[in-house]
Amino acid sequence: MINKFFIDKDGPLGSRFFTEENQPDTDKRDPFHHDRDRILHSTAFRRLQYKTQVYATHEGDLYRTRMTHTLEVAQIARGIATHLQLPKENENLCEAIALAHDIGHSPFGHTGEGILNTLLEEHGRHFEHNVQSYRMVSRLEQKYSTFQGFNLTKATLSGIIRHQTPFDETNKIKTAITKDISTEVAEFFVNPQPILEAQIVNLADMIAYAAHDSEDALAVGLINWNDFESKLNEAGIKFYSSAIHARLSKRENKFNQSFPNNPETLKKTKNRWLSWEIINHLVQETVKETTNNLSSLDNNDKNALVNHSKPIVCLPESLNSEIICLVKDVLFNSVYQDYRVKIMASKAERIIKTLFEEYMANPKTLPKITQSKLPPEFIFDKGKRTKDQTAELAQVVVDFIAGMTDKYAMDTYQIFTQAYEKTL
Numbered sequence: 002m003i004n005k006f007f008i009d010k011d012g013p014l015g016s017r018f019f020t021e022e023n024q025p026d027t028d029k030r031d032p033f034h035h036d037r038d039r040i041l042h043s044t045a046f047r048r049l050q051y052k053t054q055v056y057a058t059h060e061g062d063l064y065r066t067r068m069t070h071t072l073e074v075a076q077i078a079r080g081i082a083t084h085l086q087l088p089k090e091n092e093n094l095c096e097a098i099a100l101a102h103d104i105g106h107s108p109f110g111h112t113g114e115g116i117l118n119t120l121l122e123e124h125g126r127h128f129e130h131n132v133q134s135y136r137m138v139s140r141l142e143q144k145y146s147t148f149q150g151f152n153l154t155k156a157t158l159s160g161i162i163r164h165q166t167p168f169d170e171t172n173k174i175k176t177a178i179t180k181d182i183s184t185e186v187a188e189f190f191v192n193p194q195p196i197l198e199a200q201i202v203n204l205a206d207m208i209a210y211a212a213h214d215s216e217d218a219l220a221v222g223l224i225n226w227n228d229f230e231s232k233l234n235e236a237g238i239k240f241y242s243s244a245i246h247a248r249l250s251k252r253e254n255k256f257n258q259s260f261p262n263n264p265e266t267l268k269k270t271k272n273r274w275l276s277w278e279i280i281n282h283l284v285q286e287t288v289k290e291t292t293n294n295l296s297s298l299d300n301n302d303k304n305a306l307v308n309h310s311k312p313i314v315c316l317p318e319s320l321n322s323e324i325i326c327l328v329k330d331v332l333f334n335s336v337y338q339d340y341r342v343k344i345m346a347s348k349a350e351r352i353i354k355t356l357f358e359e360y361m362a363n364p365k366t367l368p369k370i371t372q373s374k375l376p377p378e379f380i381f382d383k384g385k386r387t388k389d390q391t392a393e394l395a396q397v398v399v400d401f402i403a404g405m406t407d408k409y410a411m412d413t414y415q416i417f418t419q420a421y422e423k424t425l
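Going by the numbering used here, the sequence shown opens with residue 2, and the numbers climb by one from there.
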C-alpha cells in the first residue's frame, strides 16, 4: 500500500526547525500548502522569471526561463502524484519541492553555475545549485522577524537538498554543502534514497528537460524536424517512433483538414504537440513502473522505499536510458553546443568573472545590506584578511551574484565597465 511510504504531515518530517505561533482556525492549509505559498511569495522565486534556462532571457520573450521550467516541473510532479493517488497534502508537498528546486540557481543557467563554482574553488569552496536552493530558503532570504529563511517543513527541505537527476552528481552536492547548513542537512542523507515526493520531483524535472528542451530547440531553429527525427533514430531512441510519431501524424492530419494552407502555424503548433506527447507518454510510463515497484516493497517496513538500492519512482530501464540519451546526446550536441548558445555562455562568463573580481577587490561596492553580512575589517582592510576570511568574503560575493537576474547582472556589469553608465 502506497500510504506506508508517503510523508505524514503530522510526523517528524512534517515539523519545522523553528517553532511558530499556531495558525488561526480559519486557516485550513496543511503544512505543505504553507510551504508552497511561502515559496511562491518569495523574492527569490520571482527572480526566476528573469533567469536563463537554456537561452538568455533577453534573446527572446517566448523562450523558457528558469521560472517557466519550474512551473512546468511542478505541474508534471503534481500530475504524477495525482495518478499515484497521493493525498492532497502530499501533492502539495510535491509542488512545494518542485517550486523550490531551482530557487538558488545562478543567472545565465548552468553556465553561470559552473563559473561561480570555479571562482569559489579558488578559495576552497564549491557552488552547486541544489545546495544554494537550500541555503536560499533556509538562510539567505529574510522573511520573518525571529528566524532566517522560510522555515519550511523538513520534508520540503529534504526534497530540495536531495534533488537529483541523472545529470547531477551526489558527490558534488555533498562537497558543496556549507558549514552553516551541514549539521541540519545530515539527517536528510541518512538513507540511500530521498523521500517518495522528492523522487517524483526528480523524475518530473528530467521529463521537463526532455520535452521542453526538444520543443524549444525546434522552435528556435537550432535543429529542424528532419534532422531531429534522424538523430533520434541514429541514437537508438525508439520511444519516439513507437509511441509519439503516429500521434503527431494524426494531429497533423486533423490540423490540415481544419486549417488548410497554414504551414507556419502548423510548424509552431507541432513543436508544442511534441512536448505534450512526450510528457503524456513519460508520465504514463512512470506511473505504471512506479506502481509495480511500490507493490514489490515490504509493507511492514516503512523505510523500505528510502532504503532501496535505487529510486522507486522511475521509468522502465530501457526508456530511462533513451531519455538520458535524448538529453545528453541529441539535445546536448544540437542545442547546448550550438555556436549561438556558446556565444551567450561566453558573455555570461565574462560578466560573472568581472563582477566577482570587482567585488572581491573592493567590497565597499557591494550593496549596504550585503556589506552588513561581513565584519568591517573584511570590507575596509584587505591587508588584514586571513585566508579563511577571504574565503568567507568570496562566499558572500558569490551568494550575491547568484541571486542576481540575468538583466541585473548585465546592468551591473555595464556600470562597472562603461564610464558613462549611470550608477543612480
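Cβ coordinates follow ideal geometry from the N, Cα and C atoms, glycine included.
Check	Outcome
So is Arg351 buried or exposed if we call it buried at 16+ other beta carbons inside 10 Å?	exposed
Give every residue of the same chain whose Cβ lies closer than 7 Å to the Cβ of Glu21, excluding the five residues on either side of it in the sequence, and list them in chain order.	Asn152
For Gly61 and Tyr51, I'd like the C-alpha separation in whole angstroms.	In this predicted model, Gly61 has a pLDDT of only 48, less than 50, meaning its place in the structure is not dependable enough to derive any value.
Quick check on the DSSP output: the alpha helix (DSSP H) that includes Lys155 runs from which residue to which?	Lys155 to Ile162
Measuring CB to CB, does Gln76 end up less than 8 Å from Gly110?	no
Does the stretch 211 to 220 come close enough to the stretch 272 to 281 that 3 or more CB-CB pairs lie under 8 Å?	yes
Assuming Lys303 contacts Lys5 under a Cβ cut-off of 8 Å, what Cβ separation, rounded to an integer in Å, is found between them?	6 Å
For Gly12, count the other beta carbons within 10 Å of its own beta carbon; 16 or more makes it buried, fewer makes it exposed. Which is it?	exposed
By Cβ distance, which residues of its chain are closer than 6 Å to His84, with the 5 residues on each side in sequence left out?	Val288
Using a Cβ-Cβ cut-off of 6 Å (strictly less than) and excluding sequence neighbours within five positions of Asn272, which residues of its own chain qualify?	Glu216, Leu219 and Ala220
On the DSSP letters alone, give me the boundaries of the alpha helix (DSSP H) that Phe33 sits inside.	Pro32 to Leu41
In this structure, does DSSP put Thr292 in helix, strand or coil?	helix
Assign Tyr145 to buried or exposed, taking buried as 16 or more other Cβ atoms, counted over all protein chains shown, within 10 Å of its Cβ.	exposed
Counting along the chain, where does the alpha helix (DSSP H) carrying Phe417 start and finish?	Asp407 to Thr418
Report the option in Phe128, Phe148 and Ile40 whose CA atom is closest to the CA atom of Lys180.	Phe128
Give a yes or no on whether the C-beta atoms belonging to Met315 and Ile238 are separated by under 8 Å.	Reading off the sequence, residue 315 comes out as Cys, not Met. In this structure, Ile238 does not lie closer than 8 Å to Cys315 by Cβ.
Taking all protein chains shown into account, do 16 or more other C-beta atoms lie within 10 angstroms of the C-beta of Thr66, making it buried, or fewer, making it exposed?	buried
Using the Cα positions of Pro264 and Ile8, report the straight-line distance between them to the nearest angstrom.	49 Å
Looking only at DSSP bridge pairs, what is Arg17 linked to?	Thr154
Alpha helix (DSSP H) containing Met68: first to last residue?	Arg67 to His84
Taking Leu100 as part of the alpha helix (DSSP H), name the residues at either end of that continuous run.	Lys89 to Ala101
Using the Cα positions of Ala99 and Leu204, report the straight-line distance between them to the nearest angstrom.	11 Å
Of the residues Lys173, Val186, Thr391 and Phe46, which one's Cα is nearest the Cα of Asn363?	Thr391
Within the same chain, show all residues whose beta-carbon is closer than 7 Å to that of Leu375, passing over the 5 residues directly before and after it, in chain order.	Pro364, Leu394 and Val397
Answer with buried or exposed for Lys1, where buried requires no fewer than 16 other C-beta atoms within 10 angstroms of its C-beta.	Nothing in the structure corresponds to residue 1, since the chain is present only between 2 and 425.
Cutting at 6 Å between CB atoms, please list the residues of its own chain near Glu378, excluding the five before and the five after it.	Lys385
Taking Gly222 as the reference, give the member of Val342, Phe18, Val328 and Glu235 with the closest Cα.	Val342
Across which residues does DSSP place Gln372 in a beta bridge pair?	Answer is none; Gln372 lacks a bridge partner.
Answer with buried or exposed for His42, where buried requires no fewer than 16 other C-beta atoms within 10 angstroms of its C-beta.	exposed
Look at the Cβ atom of Phe33, then the Cβ atom of Leu72, and state whether they are nearer than 8 Å.	no
For Arg163 and Phe190, what's the separation of their Cα atoms in angstroms?	8 Å
On the criterion of 16 or more Cβ atoms from any shown chain inside 10 Å, does Asp28 qualify as buried, or is it exposed?	exposed
Assuming Asn91 contacts Ala101 (C-beta within less than 8 Å), just tell me the rounded distance between them.	The Cβ separation is near 16 Å, so there is no contact.
State the Cα-Cα distance for the pair Thr371 and Phe401, rounded to the nearest angstrom.	7 Å
Tell me whether Thr291 is buried or exposed, calling it buried when 16 or more other Cβ atoms sit within 10 Å of its Cβ.	buried
Excluding five sequence neighbours on each side, which residues of the same chain lie with their C-beta closer than 6 Å to the C-beta of Val307?	Asn192 and Gln194
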